[in-house]
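A.B. asks: Below are the structure tokens for one structure; questions will follow.
There are 2 protein chains.
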Amino acid sequence: MGTNGRFHRDIPEATVARLPLYLRSLISLAGAGDDTVSSAELATSTGVNAAKVRKDLSYLGSFGTRGVGYDVERLIFEMSRQLGLTTERSVVIAGAGNLGQALVKYRGFSDRGFPVAAMIDIDPAKTGSEISGVLVSSPSSLPEVVAANPGCIGIVATPAEVAQAVVDRLVEAGITSILNFAPSLVVVPDFVVLRQVDLALELQVLSFYAERNLAGVAEALHSID
Amino acid sequence: MGTNGRFHRDIPEATVARLPLYLRSLISLAGAGDDTVSSAELATSTGVNAAKVRKDLSYLGSFGTRGVGYDVERLIFEMSRQLGLTTERSVVIAGAGNLGQALVKYRGFSDRGFPVAAMIDIDPAKTGSEISGVLVSSPSSLPEVVAANPGCIGIVATPAEVAQAVVDRLVEAGITSILNFAPSLVVVPDFVVLRQVDLALELQVLSFYAERNLAGVAEALHSID
DNA sequence: TAGTGTGAATTTCTTCACAGCG
DNA sequence: CGCTGTGAAGAAATTCACACTA
Chain R
28 MGTNGRFHRD IPEATVARLP LYLRSLISLA GAGDDTVSSA ELATSTGVNA
78 AKVRKDLSYL GSFGTRGVGY DVERLIFEMS RQLGLTTERS VVIAGAGNLG
128 QALVKYRGFS DRGFPVAAMI DIDPAKTGSE ISGVLVSSPS SLPEVVAANP
178 GCIGIVATPA EVAQAVVDRL VEAGITSILN FAPSLVVVPD FVVLRQVDLA
228 LELQVLSFYA ERNLAGVAEA LHSID
Chain V
28 MGTNGRFHRD IPEATVARLP LYLRSLISLA GAGDDTVSSA ELATSTGVNA
78 AKVRKDLSYL GSFGTRGVGY DVERLIFEMS RQLGLTTERS VVIAGAGNLG
128 QALVKYRGFS DRGFPVAAMI DIDPAKTGSE ISGVLVSSPS SLPEVVAANP
178 GCIGIVATPA EVAQAVVDRL VEAGITSILN FAPSLVVVPD FVVLRQVDLA
228 LELQVLSFYA ERNLAGVAEA LHSID
């Protein structure tokens, strides 16, 4: 309600899902030396239409200058703040199978401010070893890991059958943000934030649109958009 | 328009994104020997509310029986048909780096009907080798690969900088469905269906909700939902 | 009677269009 | 003049609630 602008409450979900998109673009603009950007430019560089860009940005406050555009650095700052990216948040990957190993080796997380602090696996053949410089620990060491990485995000990269049990242990150990890659429903207490990513589901959705060639309709960002 | 039921046109996007969820659940129910299921049961097993389940299923046609529920096998059949899963669709992964290698080794795709037919990489040190039984070919062999796998889906697992160029080559080679894991905007012609999955973006969205602990609000299926 | 199918109400998201300001 | 910021219109998605029927 507060019209004060410093802290605009309740940013719509759809907008939140697009903020990282703008941020990505802004960082690249900043790298290219641009210091202002218009909603139209952000629109072409993100694939979101200009009116939507303006409305989305307006939820952060009024940081634009009429006739000019937005200050790139300022927007990066405000957006990072809203996204909670000012404090680095590390990641704990549960499951050192194919997907888990891939995710540790993948640069994408650490490059964008989410370093992998640890991996967890039940297999005693794996625990104690390092993958890509990250130690694989047994589930029993979860509480210590969480204590050493406050506010960390748990990533579930285990088979679907054990996903719920794994999530329960993560929550028990104090993790309150979870990204689940296992294709199964998991339930969490109210105070835990959960997101699901199902890679095969994406292929099935593609398959649907491929069948009828309604391209463009399917162009959506993961799941949300 | 057609009230005939055999082929309900224009299923809403939001519904399409949930069909794979129902399918996953139905397959597991079928495996457990259930032959009917109610919207309430599907609701609890997918995390979607019951009214939404019924509305979604109604887009496929009227396959339920009042007072009883839905026939599991029938629903699986109709849903698979709508999703275009009756003909197997293979996948070509562009980029044999960490993410690409992870995806080939990952069972999730082939287990759910999307076998990996080939990998493509420019690095001559990689081409010719096999990863997880899949041959890594050079980009020049793309046309043959596509010809050998009609209707295949292209997966882009390359660095962001080259994603657009890679997508262009895929399209040129005849691929019309693309799943892009590179965190960058890519543009495709109208007849090509594109979906984006940005893993770090998911973490950023989690970070947003973690910051304000508005849990539950964030519970959404990637992707889109 | 138990559970579907669906119009109608509601909420959320998108798009339009333009007043207002630098 | 150019571009933001935003009310208001419009579209899409969700939820309600209940008539209907196997």
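Chains R and V, in that order, give the protein sequences.
Read in order, the letters of the first sequence are residues 28 to 252 in the working numbering.
Read in order, the letters of the second sequence are residues 28 to 252 in the working numbering.
The beta carbon of each residue, even a glycine, is placed where N, CA and C say it ideally should be.
Quick caveat: nothing in here was measured; it's all calculated off a predicted structure.
1) Leaving aside the five residues before and after Ala-145/V along the sequence, list all residues of the same chain whose C-beta is less than 7 Å from its C-beta, in chain order.
2) Taking Lys-132/V as the query, report the chain R residues whose CB atoms sit under 7 Å from its CB, ordered along the chain.
3) Decide if Asp-61/R is buried, meaning its Cβ has at least 16 other Cβ atoms within 10 Å, or exposed.
4) Could you work out which residues of chain R lie near Gln-109/V, taking near to mean beta carbons separated by less than 9 Å?
5) May I ask you to verify whether the region 202-216 of chain R touches the region 202-222 of chain V, counting CB pairs closer than 8 Å and requiring at least 3?
6) Would the beta-carbon of Leu-56/R fall within 7 Å of that of Val-99/R?
7) Mind listing the chain V neighbours of Pro-177/R? Cutoff is C-beta to C-beta under 9 Å, in chain order.
8) Which same chain residues, not among the five before or five after Ala-41/R, have their C-beta less than 6 Å away from its C-beta?
9) Rounding to the nearest angstrom, what Cα-Cα distance links Ala-152/V and Leu-110/R in this structure?
10) Output needed for Val-220/R: all residues of its chain with C-beta closer than 8 Å, excluding positions within five of it in sequence on either side, in chain order.
11) Sorted by chain position, which residues of the same chain lie with C-beta nearer than 7 Å to His-35/V's C-beta, five sequence neighbours on each side aside?
12) Can the beta-carbon of Val-131/V be found less than 7 Å from the beta-carbon of Ile-158/V?
13) What's the call for Asn-76/V, buried or exposed, on a 16-neighbour Cβ count within 10 Å?
14) Below 7 Å on C-beta distance, what does Val-43/R contact in chain V?
15) In three-state DSSP terms, what is Asn-176/R?
16) Comparing the C-beta of Gly-29/V with each C-beta of chain R, is any distance below 7 Å?
17) Does the Cβ-Cβ distance between Ala-184/V and Phe-136/R come in under 7 Å?
18) By how many angstroms is the C-alpha of Asn-125/V removed from the C-alpha of Val-194/R?
19) Please classify Ala-78/R as buried or exposed, where buried requires at least 16 other C-beta atoms within 10 Å of its C-beta.
20) Ignore the nearest five residues each way along the sequence and tell me which others in Ser-72/R's own chain have a CB closer than 7 Å to its CB.
21) From which residue to which residue does the alpha helix (DSSP H) around Asn-268/V run?
22) Give the secondary structure of Phe-34/R by DSSP, where H, G and I count as helix, E and B as strand, and everything else as coil.
23) What is the residue span of the beta strand (DSSP E) that Arg-108/R lies within?
C.D. replies: Taking the coordinates as given:
1) Position 118 of the second sequence, counted from the start, is the residue given in the question as residue 145/V. Counting only Cβ-Cβ distances below 7 Å, and skipping sequence neighbours, we find Val-119, Val-161, Leu-162, Ser-164, Val-172.
2) The residue given as residue 132/V occupies position 105 in the second sequence. Result: Asn-125.
3) Here the question's residue 61/R lines up with position 34 in the first sequence. Counting Cβ neighbours within 10 Å, Asp-61/R comes out exposed, since fewer than 16 surround it.
4) Here residue 109/V refers to the residue found at position 82 of the second sequence. Within 9 Å Cβ-Cβ: Phe-235, Glu-238.
5) no
6) By 1-based counting over the first sequence, the position of residue 56/R is 29. By 1-based counting over the first sequence, the position of residue 99/R is 72. Contact: yes.
7) Here residue 177/R refers to the residue found at position 150 of the first sequence. Within chain V, no residue comes near Pro-177/R; the closest Cβ sits about 11 Å away, beyond 9 Å.
8) Against the first sequence, residue 41/R aligns to sequence position 14. Nothing listed; no residue qualifies.
9) Reading the second sequence from its first residue, position 125 is the one you call residue 152/V. Reading the first sequence from its first residue, position 83 is the one you call residue 110/R. Distance between the alpha carbons of Ala-152/V and Leu-110/R is about 40 Å.
10) On the first sequence, position 193 is the one that residue 220/R refers to. Close CB contacts of Val-220/R within its chain, under the 8 Å cut and outside five residues either way in sequence, are with Thr-203, Ser-204, Ile-205 (chain order).
11) In the second sequence, counting from the first residue as 1, residue 35/V sits at position 8. With a pLDDT of 49 at His-35/V, under the threshold of 50, the modelled position of that residue is not reliable, and the figure given next carries that caveat. For His-35/V, where only same-chain residues beyond five positions count, the Cβ hits under 7 Å are Tyr-86, Leu-87, Gly-88.
12) Along the second sequence, one-based indexing puts residue 131/V at 104. Along the second sequence, one-based indexing puts residue 158/V at 131. A Cβ-Cβ contact shorter than 7 Å links Val-131/V with Ile-158/V.
13) Start at 1 with the first residue of the second sequence, and residue 76/V comes out as number 49. The residue in question, Asn-76/V, is exposed, as its Cβ has fewer than 16 Cβ neighbours within 10 Å.
14) Within the first sequence, the letter at position 16 stands for residue 43/R. The contacting residues are Val-232, Phe-235.
15) Looking up residue 176/R in the first sequence gives position 149. Three-state DSSP puts Asn-176/R in coil, outside helix and strand.
16) The residue given as residue 29/V occupies position 2 in the second sequence. Any reading at Gly-29/V must be qualified, since the residue scores a pLDDT of 29, below 50, and its modelled position is unreliable; no value is offered.
17) Indexing the second sequence from 1 puts residue 184/V at position 157. Indexing the first sequence from 1 puts residue 136/R at position 109. No, the Cβ-Cβ distance between Ala-184/V and Phe-136/R is not below 7 Å.
18) Within the first sequence, the letter at position 167 stands for residue 194/R. Within the second sequence, the letter at position 98 stands for residue 125/V. Their Cα atoms are separated by approximately 26 Å.
19) Here residue 78/R refers to the residue found at position 51 when the first sequence is read from its first residue. Exposed is the call here.
20) In the first sequence, residue 72/R corresponds to position 45, counting from 1. By the criterion of a C-beta distance shorter than 7 Å, Ser-72/R is surrounded in its chain by Ser-52, once the five residues flanking it on both sides are discounted.
21) Within the shown structure, residues of chain V are numbered from 28 to 252, placing residue 268/V beyond reach of any answer.
22) For this step, residue 34/R is matched to residue 7 along the first sequence. Its pLDDT being 46, under 50, Phe-34/R is placed unreliably by the model, and nothing is read from it.
23) If you number the first sequence from 1, residue 108/R lands on position 81. Note, Arg-108/R: premise wrong, no beta strand (DSSP E); alpha helix (DSSP H) at 99-109.
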